[in-house]
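Okay, so the sequence shown: first residue is 200 according to the working numbering, each after it adds one.
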Amino acid sequence: MEIEEVEKVHTSLSSTSLTIAVAVNGSKNSKNAVKWALEKFIPEGRISFKLLHVRPRITMVPTPMGNHLPVSQVRDDIVSAHKDEIEWKTDTLLLPYKRICSHKQVEAEAVVIEADDVAEAIAEEVSKFKIGKLVIGASSRNVMTRAIKGSGFSSRISRCTPTCCTVYVVSKGKLSSVRPSTSETNEGSMDGRSDSSSPNNSFSTHTSSAQSEWTDMGSSTNFSQFSSSSLLTQRHQALANVNQNLTNSIGSNPIDVHHSGHISLSTEEDIASSSSSVSDMHYVSQATSYKSFKTDGLSMNSTDQDDVTFELDKLRIELQHFRRMYEMAQNETTDASQQLNELSTRHMEEAAKLREISLREEKARELVIREKEKREAAQKEVVAVREYVEREISQRKDLEYNAAHDAEEKRRLENSLKHHNQQCKEFTFDEILSATSSFSHELKIGMGANGTVYKGTFHHMTVAVKVLNSKEDHRTKQFKQELELLGRIRHPHLLLLIGACPDHSCLVYEYMENGSLDDRLRQKDNSPPLRWFERFRIAWEVSSALAFLHNSETRPIVHRDLKPANILLDNNFVSKIGDVGLSTLVPSVDTLMSTIYKDTAPVGTFCYIDPEYQRTGLLSPKSDVYALGMVILQLLTAKSPMGLTHIVEMALENNCLKDVLDSKAGKWPYEETKELALMGLNCAELRRQDRPDLKRQVLPLLERLRGIADEAHDCAPDIQSLPPSHYICPILKEVMDDPCVASDGYTYDRKAIETWFRMNDKSPMTNLYLPSKALIPNRTLLSAIREWKSANP
200 MEIEEVEKVH
210 TSLSSTSLTI
220 AVAVNGSKNS
230 KNAVKWALEK
240 FIPEGRISFK
250 LLHVRPRITM
260 VPTPMGNHLP
270 VSQVRDDIVS
280 AHKDEIEWKT
290 DTLLLPYKRI
300 CSHKQVEAEA
310 VVIEADDVAE
320 AIAEEVSKFK
330 IGKLVIGASS
340 RNVMTRAIKG
350 SGFSSRISRC
360 TPTCCTVYVV
370 SKGKLSSVRP
380 STSETNEGSM
390 DGRSDSSSPN
400 NSFSTHTSSA
410 QSEWTDMGSS
420 TNFSQFSSSS
430 LLTQRHQALA
440 NVNQNLTNSI
450 GSNPIDVHHS
460 GHISLSTEED
470 IASSSSSVSD
480 MHYVSQATSY
490 KSFKTDGLSM
500 NSTDQDDVTF
510 ELDKLRIELQ
520 HFRRMYEMAQ
530 NETTDASQQL
540 NELSTRHMEE
550 AAKLREISLR
560 EEKARELVIR
570 EKEKREAAQK
580 EVVAVREYVE
590 REISQRKDLE
600 YNAAHDAEEK
610 RRLENSLKHH
620 NQQCKEFTFD
630 EILSATSSFS
640 HELKIGMGAN
650 GTVYKGTFHH
660 MTVAVKVLNS
670 KEDHRTKQFK
680 QELELLGRIR
690 HPHLLLLIGA
700 CPDHSCLVYE
710 YMENGSLDDR
720 LRQKDNSPPL
730 RWFERFRIAW
740 EVSSALAFLH
750 NSETRPIVHR
760 DLKPANILLD
770 NNFVSKIGDV
780 GLSTLVPSVD
790 TLMSTIYKDT
800 APVGTFCYID
810 PEYQRTGLLS
820 PKSDVYALGM
830 VILQLLTAKS
840 PMGLTHIVEM
850 ALENNCLKDV
860 LDSKAGKWPY
870 EETKELALMG
880 LNCAELRRQD
890 RPDLKRQVLP
900 LLERLRGIAD
910 EAHDCAPDIQ
920 SLPPSHYICP
930 ILKEVMDDPC
940 VASDGYTYDR
950 KAIETWFRMN
960 DKSPMTNLYL
970 PSKALIPNRT
980 LLSAIREWKS
990 ANP
């Protein structure tokens with residue numbers, strides 16, 4: 200009842216030209232608010248309708264990977280497309296409201312605001328357009344909920360909206376509350392005062408005044424609360440005033456007595472009927488006093504009768520008004536009781552939380568005591584560690600002195616080796632036959648398109664002998680090129696060429712005990728699978744070898760046939776790239792195409808050949824980057840290269856990379872593995888210009904991943920027993936007992952190299968004549984080997 204009366208007051212105060220705004224957000228309550236506003240304000244004359252919609256500012260753009268990037272980091276065309284999509288969604292959201300207005304034949308202007316604070320944005324728009332009425336939708340709540348919590352978001356909008364605007368809150372298609380504007384409140388107060396001061400004493404005027412007073416009181420009760428005690432006090436005071444006025448009225452006016460000596464029948468019936476409508480006993484006693492005049496033979500004139508009737512009607516109206524106020528006070532008392540119960544419940548909950556906090560505080564005190572004890576123990580341990588570190592520093596100084604001495608000796612030996620021609624040893628065919636037992640089938644360890652590989656032995660050293668299949672011109676060229684390249688370059692992860700037999704196209708390499716990477720990924724001969732940290736390290740080793748070839752001192756060298764079958768593993772699973780017979784020296788010219796070489800007959804292995812090189816015949820170092828990307832993806836999945844890029848790309852898009860990883864490699868670190876997979880896909884891009892730079896982009900990432908792999912390698916319990924590769928003697932293939940540096944710069948076990956010197960004058964690694972057979976003890980390496988042996992007995 201109160202809200203409807205307040206609504207009548209605000210409707211009556213509407214002007215001839217009015218701007219009405221409806222805040223919409225796509226919800227059902229917004230649609231109900233639009234319908235209510237159209238039904239309520241359309242008959243009021245010239246009205247301008249606005250639909251206000253607030254959306255967040257566009258600062259982030261979603262990516263296909265599921266995350267969001269700032270607008271500043273995204274291309275302008277992508278940002279523009281995202282903004283167009285937001286505009287389309289906004290138009291779609293506002294379309295139903297426009298249709299509702301169009302159905303009512305009302306032109307509504309849609310105003311879209313970009314802001315982070317909805318309430319502040321709407322308030323600013325109201326001030327900007329001087330909007331007189333604002334309608335907002337809100338979920339329905341009872342009076343007690345509004346009294347305790349307010350009306351949530353709609354309440355905040357009401358508070359932020361300027362006071363010159365009337366705010367209507369509509370819930371489920373009905374008016375829930377009204378916050379009147381300042382002008383309407385002042386106008387209602389002035390109307391109340393003018394009615395009370397009017398000199399007209401007619402019954403109709405007084406009745407309208409009482410109704411206006413009740414309407415104002417009803418409006419005020421929608422926003423304030425009354426106590427029942429104050430209402431009762433006001434009621435008794437008002438009744439006392441009416442009684443006094445009635446007494447004064449009877450005593451001050453002269454009473455005329457009719458000749459008949461009694462009051463007329465019509466006057467008596469009016470008084471009785473008026474008395475029966477008043478339930479309070481005080482008013483009944485006043486009516487009875489009037490009847491006493493009949494028994495005394497008195498009578499009143501017509502003017503006095505009208506005054507009495509007017510006063511009784513006035514009392515009846517005021518009594519009805521106070522009854523309504525009393526009922527409202529009772530309802531609010533009930534609400535206050537419910538609020539008190541809720542507060543009591545909340546008090547009990549807070550008491551329970553307080554007890555819980557006390558328990559936590561007690562536990563925290565106990566934890567502090569334990570931490571204090573731990574800190575004291577840690578301080579004692581720090582003192583012990585400090586003493587241990589001081590001893591270690593002293594020992595390190597001694598080791599550094601010995602290492603500096605050894606380094607000086609090694610530098611001297613390297614300087615002496617610079618004057619010797621680094622050429623591979625030339626073997627006779629008889630030596631080749633003797634080493635391979637006349638190319639015994641039992642010693643065959645591999646066969647490819649270029650030739651066959653046999654296992655052999657030269658001077659107690661195991662080697663691998665590669666025999667080309669034919670002596671055709673291109674095979675001879677390939678043989679000479681491989682002999683030339685490997686004969687003048689050295690790298691820890693390039694297969695070492697020991698010698699050759701040019702007459703029969705035979706090449707002698709160092710022997711790799713664990714075969715090729717392709718065999719290990721396929722677990723040939725039931726070999727154990729490679730661990731994930733070993734695969735991280737192999738990816739870095741292969742990349743470092745490629746970077747060495749691409750940055751050769753003379754001209755860049757492109758391998759052209761990089762694949763898992765040409766990546767070999769030694770006894771400690773250290774990888775080395777072999778089969779460089781197809782390598783090409785790219786011309787080095789200071790031009791834009793300095794690293795591109797035209798080759799009319801592309802060679803290599805399918806699935807590893809650069810697509811752009813295969814299509815155009817243009818070769819560059821990034822052709823090897825494509826093959827490296829395929830090798831990285833195979834290291835992660837152990838799958839066939841056919842269609843592998845598509846499989847990994849779809850797994851990343853669907854966030855199911857774990858499903859395609861090789862589960863036999865152990866528990867992959869997901870974030871690092873995802874980085875490596877993305878790098879592999881970037882390397883395997885179809886266009887050369889889209890692939891990353893090997894030295895500046897690929898190697899830094901693989902270097903970081905290799906550090907993570909080394910830490911995992913050291914923590915693996917079943918890997919701890921494997922010694923580092925530099926602890927192994929190149930001749931014995933065992934951990935050295937007494938490492939010594941020979942004049943070729945390599946470290947050997949003393950007994951093994953002395954036995955070698957008795958039968959040879961050349962280096963077992965370079966096959967060059969040694970300027971000296973002097974040996975220098977490598978004390979730093981010996982200390983490291985002894986420490987490793989003590990930790991791994």
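Glycine residues also receive a C-beta, built at the ideal position from the N, C-alpha and C atoms.
Identified DSSP bridge partners for residue i
i, result
"T1020", "A question about residue 1020 goes unanswered here, because the residues of the chain that appear run from 200 up to 992."
"R254", "E313"
"K230", "Per DSSP, none; premise fails for K230."
"G650", "L667"
"V707", "V664, G698"
"V741", "None; V741 has no bridge partner."
"R378", "V366"
"G645", "V652"
"A222", "L251, I335"
"V934", "I927"
"K373", "S370"
Beta-carbon spacing of residue i, residue j below 8 Å
i, j, result
"L768", "L834", "no"
"L893", "L745", "yes"
"R754", "S822", "no"
"N977", "T946", "yes"
"I737", "L761", "no"
"K332", "T360", "no"
"L251", "V305", "no"
"M829", "Y807", "yes"
"V368", "S380", "no"
"N881", "R890", "yes"
"T651", "A634", "no"
"V334", "I257", "no"
"I927", "N765", "no"
Backbone secondary structure at residue i - three-state DSSP
i, result
"S751", "coil"
"M878", "helix"
"R689", "coil"
"A826", "helix"
"A699", "strand"
"M527", "helix"
"E884", "coil"
"S774", "strand"
"I330", "coil"
"S407", "Because the pLDDT at S407 is just 35, under 50, the model does not fix this residue reliably, and the value given afterwards should be weighed accordingly. In the structure shown, S407 sits in a helix (DSSP, three-state: H, G or I)."
"R522", "helix"
"P810", "helix"
"S247", "strand"
"L217", "strand"
"E308", "strand"
"F176", "Residue 176 falls outside the range modelled here, since the chain spans only 200 to 992, and no answer is possible."
"S418", "The pLDDT assigned to S418 is 37, lower than 50, so where the model puts this residue is not dependable, and the model offers no usable value."
"N452", "Per-residue confidence for N452 stands at a pLDDT of 42, beneath the threshold of 50, marking its modelled position as unreliable; no derived number is given."
Residue interval of the alpha helix (DSSP H) (run including residue i)
i, result
"C359", "352 to 359"
"H302", "275 to 302"
"H267", "Element bounds for H267: not the alpha helix (DSSP H) but the beta strand (DSSP E), 267 to 269."
"C914", "898 to 914"
"R985", "978 to 990"
"D719", "Per the sequence shown, the amino acid found at residue 719 is Arg instead of Asp. Where R719 is concerned, the enclosing alpha helix (DSSP H) stretches over 716 to 720."
"I766", "I766 -> not in any alpha helix (DSSP H); beta strand (DSSP E) instead, spanning 766 to 768."
"D724", "Counting along the chain, D724 falls outside any alpha helix (DSSP H), and DSSP gives it neither H nor E."
"A634", "628 to 635"
Host beta strand (DSSP E) of residue i (start-end)
i, result
"I846", "That residue, I846, is in no beta strand (DSSP E); its alpha helix (DSSP H) goes 843 to 852."
"M259", "259 to 261"
Query raised in the report: Is the stretch 722 to 738 in contact with the stretch 906 to 914, if contact means three or more CB pairs nearer than 8 Å?
Result: yes
Query raised in the report: Counting Cβ pairs, one atom from each stretch, are 3 or more of them under 8 Å apart for the stretch 626 to 644 and the stretch 699 to 712?
Result: yes
Requested in this report: Tell me, please, whether the stretch 258 to 265 touches the stretch 229 to 239 by the rule of three or more beta-carbon pairs shorter than 8 Å.
Outcome: no
**Report entry** Three-pair Cβ contact test at 8 Å for the stretch 864 to 871 versus the stretch 844 to 853
**Finding:** no
**Report entry** Segment contact flag, the stretch 956 to 974 with the stretch 932 to 944, C-beta cutoff 8 Å, min 3 pairs
**Finding:** yes
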